[in-house]
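Trainee: Okay, here's the structure, questions in a sec.
Numbering (our numbering), first residue to last: 531 to 822.
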């Protein structure tokens, strides 16, 4: 805007007093501070705003709002804008401010929160009505290092849920893609709702390996397993998929030094099924022990 003589304008003081005896101020700094304040207010009010598209990339769209470059991740784009994004350079789109971080110089916007508002509300209401423990079937639509995203259709509404990596399998895994693939149909159990999204479990939809362990592994039952972890006091042994037991180091015979990945043979000392704990022993109890 053009400055007018006598007009009052906000400024930021750079130097209170220069050698000439005047204050050095900045219009640009004040304008930027004012813009960040407006962005914070917009995030609080959730009012829709118009932003100008300045760059389109695979991961999202960069727009200008209040004179500041802001980002709209692809996940926050509605279907229409997502499909026509590469033809939007220079055009204005309606958005909402969903995150303002002045320290990191970051403002995140959502276009979908405006264009698909009614659909989002329907999903949120449906998610709230789905009880924990309900079994559902969905399709794997995305795999990330921390888990798998599942799309579920219920009452003609598409819902997205997340199965955290710890809920994909009773066995310990490092890569979600080792147990699920894109497009897989999977049965899941609802754990609850987190940030408007269903928290799901794939492993709880199947058999719990600890179920019935007290009956299957009475005391003195010979078992063999693979050493998966060694601590100062204990050796962790995988007896079955998802079923790990503990050997206390002090029970090892002299000279026995098992290594991770090695198979060992021992006997069940006790099982505490309610605590999901199985203790193994290599001591001579009721039967001789072989170690290899």
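Beta carbons: idealized from backbone N, C-alpha and C, even for Gly.
According to the neighbour-count rule (16 or more other Cβ atoms, all chains shown, within 10 Å of its Cβ), is residue 799 buried or exposed?
Mentor: With 16 or more other Cβ atoms within 10 Å, it is buried.
Trainee: I'd like to know whether the C-beta atoms of residue 668 and residue 718 end up nearer to each other than 8 Å.
Mentor: Contact flag set, yes.
Trainee: Report all residues from its chain with a CB closer than 6 Å to the CB of residue 809; omit the five preceding and five following residues, and keep chain order.
Mentor: 776, 799 and 800.
Trainee: Could you check what DSSP says for residue 799 in three-state terms: helix, strand or coil?
Mentor: Three-state DSSP puts residue 799 in a strand.
Trainee: Where do the N-terminal and C-terminal ends of the alpha helix (DSSP H) with residue 659 fall, by residue?
Mentor: Taken as a continuous stretch (DSSP letters only), the alpha helix (DSSP H) holding residue 659 covers 647-659.
Trainee: Does residue 611 pass the burial test, meaning 16 or more other C-beta atoms within 10 Å, or should it be called exposed?
Mentor: Residue 611 comes out buried.
Trainee: With DSSP run on the structure shown, which of helix, strand or coil describes residue 708?
Mentor: Three-state DSSP puts residue 708 in a helix.
Trainee: Grab me the residues of residue 817's own chain with a C-beta within less than 8 Å of its C-beta, minus the 5 sequence neighbours each way, in chain order.
Mentor: Residue placement at residue 817 is poorly supported in this model, since its pLDDT is 46, which falls under 50; the coordinates still yield a value, given next. Closer than 8 Å at Cβ, skipping near neighbours: 750, 752 and 797.
Trainee: Going by other Cβ atoms of all chains shown within 10 Å of its Cβ, with 16 needed for buried, is residue 814 buried or exposed?
Mentor: Low local confidence applies: a pLDDT of 46 at residue 814 is under 50, so the model's placement there is unreliable, and no value is given.
Trainee: Less than 8 Å separating the beta-carbons of residue 759 and residue 710?
Mentor: No.
Trainee: Between which two residues does the alpha helix (DSSP H) holding residue 592 run?
Mentor: No alpha helix (DSSP H) contains residue 592, which is instead part of the beta strand (DSSP E) from 590-595.
Trainee: Kindly give me the distance between the Cβ atoms of residue 730 and residue 693, rounded to whole angstroms, as I take these residues to be in contact under 8 Å.
Mentor: Right, their Cβ atoms sit about 5 Å apart.
Trainee: Could you check whether the Cβ of residue 676 sits closer than 7 Å to any heavy atom belonging to the ligand COA?
Mentor: Absence of the ligand COA from the depicted structure is noted, as is the absence of any ligand whatsoever, leaving it without description.
Trainee: Would you tell me roughly how many angstroms separate the C-alpha atoms of residue 576 and residue 728, rounded to the nearest one?
Mentor: Cα-Cα distance, rounded: 23 Å.
Trainee: Shortest alpha-carbon distance to residue 721 belongs to which of 773, 570, 735 and 625?
Mentor: With distances taken between Cα atoms, residue 721 lies closest to 735.
Trainee: Give a yes or no on whether the C-beta atoms belonging to residue 616 and residue 583 are separated by under 8 Å.
Mentor: In this structure, residue 583 does not lie closer than 8 Å to residue 616 by Cβ.
Trainee: Quick check: what's the CA-CA separation for residue 622 versus residue 682?
Mentor: Spanning the two alpha carbons is a distance of roughly 33 Å.
Trainee: Can you tell me whether DSSP reads residue 812 as helix, strand or coil?
Mentor: In this structure, residue 812 counts as coil in the three-state DSSP scheme.
Trainee: Between the C-alpha atoms of residue 822 and residue 803, what's the straight-line distance to the nearest angstrom?
Mentor: Confidence in residue 822 is poor, its pLDDT being 45 and thus under 50, which makes the residue's placement unreliable; the coordinate value appears in the next sentence. Each residue's alpha carbon lies about 28 Å from the other.
Trainee: Taking the C-alpha atoms as reference points, what is the distance between residue 639 and residue 626?
Mentor: Each residue's Cα considered, the two are about 6 Å apart.
Trainee: One question on the structure: do residue 489 and residue 657 come within less than 8 Å of each other, judged by their Cβ atoms?
Mentor: There is simply no residue 489 to check, as the chain begins at 531 and stops at 822 in what is shown.
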